[in-house]
Each structure stands twice: as structure tokens, then as C-alpha cells.
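According to the numbering used here, the sequence shown is numbered sequentially starting from 238. Before any comments, here is the structure.
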Amino acid sequence: FSFVRRIGNDLIIRLNNGRGKIISDFIPGRNEDEIKVKHHFFYGYLKDINYIIIENIYYESWDYTLVNLQNGEEIEICSDDLIISPDKKNILGLTRFNKTFAGGGINIIDIAGGIPVMKFEKRFDTIDYYPVKGVWSSGSLIRVECKYEMNKTGFLFDALLKYENNNWTLEY
Numbered sequence: 238f239s240f241v242r243r244i245g246n247d248l249i250i251r252l253n254n255g256r257g258k259i260i261s262d263f264i265p266g267r268n269e270d271e272i273k274v275k276h277h278f279f280y281g282y283l284k285d286i287n288y289i290i291i292e293n294i295y296y297e298s299w300d301y302t303l304v305n306l307q308n309g310e311e312i313e314i315c316s317d318d319l320i321i322s323p324d325k326k327n328i329l330g331l332t333r334f335n336k337t338f339a340g341g342g343i344n345i346i347d348i349a350g351g352i353p354v355m356k357f358e359k360r361f362d363t364i365d366y367y368p369v370k371g372v373w374s375s376g377s378l379i380r381v382e383c384k385y386e387m388n389k390t391g392f393l394f395d396a397l398l399k400y401e402n403n404n405w406t407l408e409y
């Protein structure tokens, strides 16, 4: 993509407003703590909403940053799977951290105003629960298929996210 390029330790993003945004890697010096390592890579382009995804790699973890190509506003997320709402005002993020350090999770990010805002975040308390897939039924109702996995046996269950009274709630 012509709007992202790398020069040395910098990822340079050309925004629609003509400005540039620089996201710099951090590579510690010889006597510095390697835990501070941070690398950034272009991961994908969400054409429908004009956002790009930057993958951030750390010493023992990773996450992603969504960057609005119109104005450079950004938000860090841990989601593996991003699903845009039919009205293109929200993004559903699903995290499948099963059998690693943490349980899975569900995020909803409001992008309607051009500045991404986390509106809902749920982390499952155990590594045995994680979301598998999500489907927007409307701008205010999402069906999320989740999996519970214990001792190599498991089952799927549905969770519903509802937007009522200016608030997202999860039912399962």
C-alpha cells in the first residue's frame, strides 16, 4: 500500500489530510532492558472505514493499533479478529488467547466520530473461555459464538451483546 512505508526503525503513514504519522520501533542498546523491545509492522487495511492495522510486537507479547487514515487518531487493541458493524460506526474485536497467558475477550470500539473509543471490553476470567466468531445482527445487537474448553472436552455457547440506553451489555 502506498500510504505506509518503512525507513529504518520508523513506520511512516501518509494520512489523507496530507500529514505524516511516524510510529517508531524501540530497540534497546547493549546495556538496556530487552523487555522494552517494540517493533511495529503494517498488518492490514480496513478499506470500508479507512483505518489501517499496525501489529505491535513486544518482548513476550503483541497487540494491534488501529489508525484512522483521515486524521491519525489511534487506539491499541488486543483483538485477533475485527468485524465492522453494518452501519460502519463500530468495530467488534474478538480475542482468542485460549491456552496462553490470559482468557479470551470481546471489545467494541466506536469509530463514528473519527476518534476510536473503546466502548465495551470483556475479558473472560479463565483461559478456558474464548470467542470463536461474531455476527452483527444490527448496529445494536451482536451474536458472539464462544467456546468453553476444559480437559480436552468443550462446548460452544452463544453470548449476546446489546446496546441499550447508551450502554453495551453482555448476556450469556
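The beta-carbon is built from N, C-alpha and C at its ideal position, and this holds for glycine as well.
- Sequence-distant Cβ neighbours of ILE286 in its own chain, meaning closer than 7 Å and more than five residues away, are ILE321, LYS325 and ILE348.
- By a beta-carbon distance limit of 8 Å, SER316 does not contact ASN293. Their separation comes to about 13 Å.
- Non-local beta-carbon contacts of ASP318 in its own chain, meaning distances under 6 Å to residues more than five positions away in sequence, involve LEU331 in chain order.
- Where PRO368 is concerned, the enclosing beta strand (DSSP E) starts and stops at 366-375.
- Judged by DSSP secondary structure, ARG256 falls outside any beta strand (DSSP E); it is assigned neither H nor E.
- PRO353 and ILE291 do not touch by the CB rule: their CB atoms are close to 13 Å apart, not below 8 Å.
- Distances from the alpha-carbon of TRP373 to those of TYR409, GLY281 and VAL381 put VAL381 closest.
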